[in-house]
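Residues in the sequence shown are numbered consecutively from 1296, following the numbering used here. Beta carbons are placed, not taken as given, at the ideal position from N, Cα and C, and that holds for glycine. Below is one structure, written out as C-alpha cells, with a few remarks after it.
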Amino acid sequence: MDTIKDFKDQSGHVLAHAAIPDDYTIGGGLVDGFQHESVPFFITVHAVNPKTNVIMYALSDEKYTTYKNQMLKMTLKSMADVKWNSIRDFVEPEVYLNSFAKALSQMKELTPIGEAPLPSLCGQNQNQTYNDFMVFYNDAFQRDASFGTPTKANNILVKSFMRRYDGIAQSGAECSVIAGMDYNGIEYYSTASMLSVINPLAGLLGSAIKNQQATKSSDKLGEGTPCDAIDWGARNKFLLVCPKEYEQQAFQDFMEFVGTFHMDQNLRQRFYELISQRIQMRMQETMRFQSMAQQSMINLQRSQQQLTQTLAANSRAMSDGIMDSWNKKMASDSRISQARSEAIMGVNTYTNTYGQDVQVGVSADHVYQNQYGDVYGVSGTAPDQETLNDLNWTEIYKK
C-alpha cells in the first residue's frame, strides 16, 4: 500500500490526507466563504504523475438547494443574504456526476461505460455515513419544531458510486476517465410551511396549496411526494484522467487514493465550528422575525377591529379614504423595512459575464463565476491561479 501523504496548500497548511505513490506531485487549495448555509468552505487537492500524465483530483463538501415551494421561493427573493449561488435546479445523481466528469476532465468526447460502488471512506461505512448525515438534519428539524414549524423528511438518498468513461482528449488521444462521489440528498417539507415563521397567513396558504398537489410517491429524489425543498450535493468528489496505456496501474493508485482521502481533522473541526456559529445566527434571526410576526399580528388585529368600527359608522366615501391611507402606510412600512434589512445585511452588486447584476455579501474580498453561471464570494486571500483554472472560475467585479 502507498504511503499516506499530507496534501498542503501553497502556504504549507495541511488540507487533507490520502495514500499516493511517491512519483506523484501533490498539492491543494482551500476556498473560503460559505458556498451553502452548511458548507463554510471546501478544499481541492490534486496529484499528478509527470511521467505518465496521470491526474487525480478530489474535492470536498458541495451542496445545493432546490426550492419546490413557490411561495417560499418568492419570500427568499426579498432576503438580501440568501446565497443564490447555492440555489440550483435539481438534477439526479447520475446527471450530476456526468456533468462533473465532463467539466473537470475537459474531454472532447466522454462516453460512460460502467458504474460501480465507490470504495471511499464514506462508501466503506455507509451506515455511519447515513447516521452522520441525518444528525445534522434531525437537529435542524427539532429547531424548526421548537419555533412552531415542524419539518420532516420524506425522501433520503446517501450513495457512494463511481462511473468509468472512455474519453477523447482535445489532442485526440484516447483516455480513461473515472469519476466518483459520496452523494447525499434529502427532500423535506414543513407541515405548516416554513413561511409561517415570517408570515402566518402565507404559511396557511402554502399548506393549502400543498394539500391540493398530487401525492405520487417515488424512491428517486425529485420525483416523490411533494416537498418544500431538496438539499443535494456531495461530501466528496473524485476524478482520475489517464492515457489508455497506463490505465491498469493508475486505477490501482486511484482506488487507494479514494479509499484513504479525508479532510484534515483540525480543518474539519473548524468546518463544524463555523456551521455551529451560522446556526446560532440563524436561530437569533428566526426568534427576532417570529417576535416581529407575533407583534405584527396583534397590531393587525387591533387595527382591524378599529377599522371595522369606523366603517360601520361612516359612509362609503370615508371607507374608501381609510383603506387608501392604510394601503399607503403598509407600502411605506414595507419599503422602510426592506431598506433597513439590506443596510443591516450588507451586500455589494457585481456584474457577471452575461451582463446581469448579482448581489454578494460585503464580506467577500473576491467574487468568481464558474462556467455554469454560479457565483461564489471568497473572503480573505484569493485562490491561486492553478486552483482557479481547475475550478474554471473567472473573477467578476463590482458594478
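Exclusion of the five residues before and after G1554 leaves A1314, P1414, S1415, L1416 and Q1419 as the residues of its chain whose Cβ lies within less than 8 Å of its Cβ. According to the DSSP assignment, D1327 belongs to the beta strand (DSSP E) that extends over T1320 to H1331. When DSSP states are grouped into helix, strand and coil, K1694 belongs to the coil group. Fully enclosed beta strand (DSSP E) runs of no fewer than 3 residues occupy 1404 to 1412 of the region 1353 to 1438, in order along the chain. Under a 10 Å Cβ-count criterion, T1444 is classified as buried, with 16 or more other Cβ atoms of the shown protein chains found around its own Cβ. Taking each of A1435, I1691 and G1462 in turn and checking the Cα distance to V1655, the smallest one comes out for I1691. A contact between stretches requires three or more CB pairs, one per stretch, nearer than 8 Å, and the region 1304 to 1322 fails this requirement with the region 1664 to 1672. In the three-state scheme derived from DSSP, where H, G and I count as helix and E and B as strand, Q1666 is classed as coil.
For D1526, the three-state secondary structure derived from DSSP is strand.
In the structure shown, N1450 adopts extended strand secondary structure according to DSSP, grouped into three states. By the neighbour-count criterion, in which a residue is buried when 16 or more other Cβ atoms sit within 10 angstroms of its Cβ, A1468 is exposed. Your pair D1685 and H1331 does not check out as a contact, with CB atoms roughly 20 Å apart and the cut at 8 Å. Assignment of beta strand (DSSP E) within the region 1555 to 1582, counting only whole runs of 3 or more residues, yields no such run. A residue is called buried when at least 16 other Cβ atoms come within 10 angstroms of its Cβ; A1411 does not meet this threshold and is exposed. Distance from the CA of I1525 to the CA of N1344, rounded to the nearest whole angstrom, comes to 39 Å. For A1311 and Q1465, the gap between their C-alpha atoms comes out near 31 Å. Taking C-beta atoms as the reference points, Q1664 and T1676 fail to come closer than 7 Å.
The DSSP-derived three-state label of T1644 is strand. For R1383, the closest of T1360, L1392, K1397 and F1395 by C-alpha to C-alpha distance is T1360. CA-to-CA, the gap between G1480 and F1329 works out to about 19 Å. DSSP places N1531 within a strand segment (E or B) once states are collapsed to three. Note that the C-beta distance between V1472 and A1396 is below 7 Å.
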